[in-house]
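Numbering-wise (the numbering used here), the sequence shown opens with residue 23 and increments by one.
These notes concern the structure reproduced below.
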Amino acid sequence: MKHAWSLALAAGMATLATIGWLGYRLLDQNRSPAGIPPGLVASQELPPEQAQAAADAIMALTLPDLDGRPQAMAQWRGKVLVVNYWASWCAPCVEEMPAFSRLQSRYAAQGVQFVGIGIDELKNMRTFVKANAVAYPLLVGDAAGTQTPALQVKGLPYTVVIGRNGQLAHSRLGRLDEARLEPILQRLSLR
């Protein structure tokens with residue numbers, strides 16, 4: 023009995039330590055997640071060839087919308103394009119979406135377009151949209167489509183900002199808050 027109690031206590035402490043560590047990682051937005059090269063978190067650290075290959079890979083995608091209609095990313099060429107990889111089960115993804123909707127409404131007239139690519143099941147995405155207003159198009163992606171040689175989505179949320187000229191302007195693995203994204207949109211929307 024005493025041995026079982028000790029094992030249960032040890033398991034509980036390990037669980038609490040893991041939850042604490044994961045919470046710390048989610049809140050620490052300035053650090054690169056373990057094992058993720060810094061170049062995936064800040065696009066200015068990517069070599070120009072890699073940055074352009076990632077932007078080109080995104081612009082070459084054609085994905086279905088929530089009604090099953092194919093949508094080519096190229097339809098938004100010439101706009102400042104903010105592409106957000108997300109899932110309904112991803113808490114940081116869901117937390118950043120209201121800010122993205124506000125920014126979409128605020129900057130649409132300046133040629134900014136947000137697009138969400140859900141790495142999720144269609145039914146989950148549809149349920150999510152019924153309960154949460156989203157002011158930008160949502161497309162259905164899949165895990166395999168995010169692993170092209172030029173585009174490696176290593177986790178969620180993952181956001182990429184592509185300038186009007188088709189160049190990768192910024193990328194972020196992890197939650198991207200409004201205060202960090204808005205200055206980027208201001209700068210790019212003036213070009």
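We put the beta carbon where it would ideally sit given N, CA and C, even for glycine.
Residue range of the unbroken alpha helix (DSSP H) whose run includes residue i
i: residue 179; result: Counting along the chain, residue 179 falls outside any alpha helix (DSSP H), and DSSP gives it neither H nor E.
First and last residue of the uninterrupted beta strand (DSSP E) at residue i
i: residue 194; result: 190-195
Cross-strand partners of residue i (DSSP beta bridge)
i: residue 156; result: Its beta-bridge partners do not exist; DSSP assigns none.
i: residue 183; result: 104, 192
Where residue i sits in the DSSP three-state scheme
i: residue 198; result: coil
i: residue 161; result: strand
i: residue 173; result: strand
i: residue 213; result: coil
i: residue 50; result: In this prediction, residue 50 has a pLDDT of 45, which is less than 50 and means its spatial position is unreliable; nothing more can be read from the coordinates.
i: residue 71; result: helix
i: residue 204; result: helix
Original post:
Counting only runs that start and end within the region 73-140, where is the beta strand (DSSP E) found for 3 or more residues in a row?
Top reply: Listed in chain order, the complete beta strand (DSSP E) runs (minimum 3 residues) inside the region 73-140 are 84-86, 92-94, 102-108, 134-140.
**OP:** Taking 8 Å as the threshold, find out whether the region 174-186 comes into contact with the region 70-80 through three or more Cβ pairs.
**Re:** The region 174-186, when compared against the region 70-80, does touch it at the 8 Å Cβ threshold.
Original post:
Is the number of C-beta pairs between the region 134-153 and the region 104-115 that are closer than 8 Å three or more?
Top reply: yes
Subject >> contact_flag[the region 118-134, the region 199-208] where n(CB pairs < 8 Å) is 3 or more >> reply: yes
**OP:** Kindly confirm or deny that the region 149-167 and the region 86-101 touch, where touching means at least three C-beta pairs closer than 8 Å.
**Re:** yes
Original post:
Below 8 Å, can you find three or more Cβ-Cβ pairs linking the region 190-201 to the region 114-121?
Top reply: Touching, yes.
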